[in-house]
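For reference, the structure discussed in these notes is given below.
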Amino acid sequence: MKTEFLMVKGDITKDHGVDAIVNAANTSLLGGGGVDGAIHRAAGKELLAECRMLNGCKTGRAKITKAYNIPCKYIIHTPGPVWNGGKSNEEALLGSCYKSCLELAVENGVRSIAFPSISTGIFSFPLDKAVKIAIGTAKKFVEDNPDKLDVIKWVLFDDNTFNAYQNELNGWNDSGEKSVAGNDVKSKKVICFHNPNEENGYLSNWYMSDFMIDGIKFSSLEQYMMYMKAVTFNDMESAEKILSISDVEEIKELGKGVKNYNDVIWNGVRQIIVYNGLLEKFRQNIDLREQLIATGDSILAECAVSDKVWGIGLSVYDDDRFDLTKWKGRGLLGFALMKVRDELAV
Ligand code: AR6
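If you read the sequence shown in the numbering used here, its first letter stands for residue 10, the second for the next number, and so on.
This is the structure:
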């Protein structure tokens, strides 16, 4: 049977009908943020106990464990390279991650495997380069090891990553050869937003719009996000203060002062928190929901110069804002909004 290559958008900890999933770990193998944090949370404490016995893992190599509460047989853990400008052998190391995982899979009788996008999150490996290495390495492995695997799948968390992998895969023909890759993303319209009182301001986290979650009323997404940040780190005093005011600037300041704050944990959970908040903001405000759905399949971009995480790191006046390859930030808010749009449009 020919090995099938598949791309899906979603959470890798859910049931994807595969024998093994891959974890984008770090060399300690003791958990972290991003997909690693999600996998450890979903698998349960026994996974950490098994990982403690493994004595870590070198970058570019892989180790295998049981999957515990995750619905598959194994988890293959691989520490990807941290992007360091490309001069530290990062590309070869990323290829080695995929190869090591596939070898370990075959050695353990795994016939179907699901990967996340290794290294392109917290480790900042450029997505355009990573997709070529990921799919190219897997295609080469299949060529060298025919009939060993039924399915190689990527489970990708956000639209941008999903589109990049899908486009790269589309560039390969059935005989396993690479042709010129199409790029859907480039042909799409980019809709920009920034201040709540300016054009498309309803997409901003500072836009005032009431919604309820778990019996608590929030007056803006910023308030929900900062409240959840305080709750995540068990700083209930800040959480209460954040709930008691509606001024978004003050709320943001309170959010910055949350006690016991830990970057790694926040990086892991923030996207899910924002997604859940946005889903309710737009579900519960019919006019906002209609405006969001009316953006069709446009790319949504928060044009905040100084925000390279949620924003695209460019201003609403910068011509480069329409070209995703020139963005200086990750634009996570826009991608979360697009995911919510997908969810509400059905
Ligand atoms: N399912 C699928 N993909 C996910 C999920 C999920 N549940 N959650 C996040 N992603 P990252 P890295 C995507 O940062 O760059 C950890 O702290 C995410 O959107 O998880 O290899 C480790 O312990 C992105 O596209 O991994 C390491 O210290 C992709 O997974 C470090 O992060 C990879 O993002 C590894 O960084």
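Ideal Cβ placement from N, Cα and C applies to all residues, glycine included.
Taking residue i and residue j to be in contact with their CB atoms under 8 Å, please state how far apart those CB atoms are, rounded to whole angstroms.
i, j, result
"S121", "D159", "5 Å"
"G340", "A303", "That pair is no contact at about 20 Å."
"W215", "V267", "Wrong, their Cβ atoms sit about 18 Å apart, outside the cutoff."
"I73", "N32", "The pair is not a contact, with the Cβ atoms about 10 Å apart (cut-off 8 Å)."
"I282", "M237", "5 Å"
I'd like to know whether the C-beta atoms of residue i and residue j end up nearer to each other than 7 Å.
i, j, result
"I131", "G19", "no"
"F134", "W181", "no"
"S247", "S228", "no"
"V164", "A123", "yes"
"A147", "I127", "no"
"G286", "Y233", "yes"
"F344", "K290", "no"
"M235", "G264", "yes"
"G65", "S37", "yes"
"A29", "V119", "yes"
"C347", "D168", "It should be noted that the sequence gives Met, not Cys, for residue 347. Cβ atoms of M347 and D168: closer than 7 Å."
"C201", "C60", "no"
"V349", "L288", "yes"
"E231", "I260", "yes"
"K197", "I21", "no"
So, is residue i buried or exposed, given that buried needs 16 or more other C-beta atoms within 10 angstroms?
i, result
"P80", "exposed"
"D193", "With a pLDDT of only 46 at D193, under 50, the local geometry of the prediction cannot be trusted, and no value is derived from it."
"S97", "exposed"
"E352", "exposed"
"S213", "buried"
"Y326", "exposed"
"A34", "buried"
"I144", "buried"
"A114", "buried"
"N206", "exposed"
"K11", "exposed"
"N154", "exposed"
"V355", "exposed"
"M225", "The sequence shown places Ile at residue 225, not Met. When all chains shown are included, I225 counts as exposed."
"K23", "exposed"
"G305", "exposed"
"D244", "buried"
"E262", "exposed"
"E299", "exposed"
"L116", "Strictly speaking, residue 116 in this sequence is Glu, with Leu absent from that position. Counting Cβ neighbours within 10 Å, E116 comes out exposed, since fewer than 16 surround it."
"A58", "exposed"
"E99", "buried"
What does a CB cutoff of less than 6 Å around residue i pick up in its chain, not counting 5 residues either side in sequence?
i, result
"Y270", "F242"
"D329", "L323 and K335"
"I222", "E289"
"L301", "F291 and R350"
So, for residue i: in the same chain, excluding its five sequence neighbours on each side, which residues have a beta-carbon less than 8 Å away from its beta-carbon?
i, result
"L102", "T68, G69, G89 and P90"
"A190", "Low confidence applies here, because A190 scores a pLDDT of 33, under 50, leaving its location unreliable; read the following figure in that light. Cβ neighbours of A190 beyond the five flanking positions: N176, E177, N179 and G180."
"N78", "A51, A52 and G53"
"D137", "A173 and T334"
"N204", "G210, S213 and W215"
"T129", "P135, L136, A139 and T170"
"V240", "A248"
Leaving aside the five residues before and after residue i along the sequence, list all residues of the same chain whose C-beta is less than 7 Å from its C-beta, in chain order.
i, result
"S109", "G69, R70, A71 and T87"
"F331", "V199"
"E55", "Y77"
"K317", "K337, G338 and R339"
"K141", "E177"
Flag this pair as touching only if the stretch 260-279 and the stretch 30-44 have three or more C-beta atom pairs under 8 Å; answer yes or no. yes
Heavy atoms of the ligand SAH versus C-beta positions, residues under 6 Å | For the ligand SAH, the structure offers nothing, since it holds only the ligand AR6.
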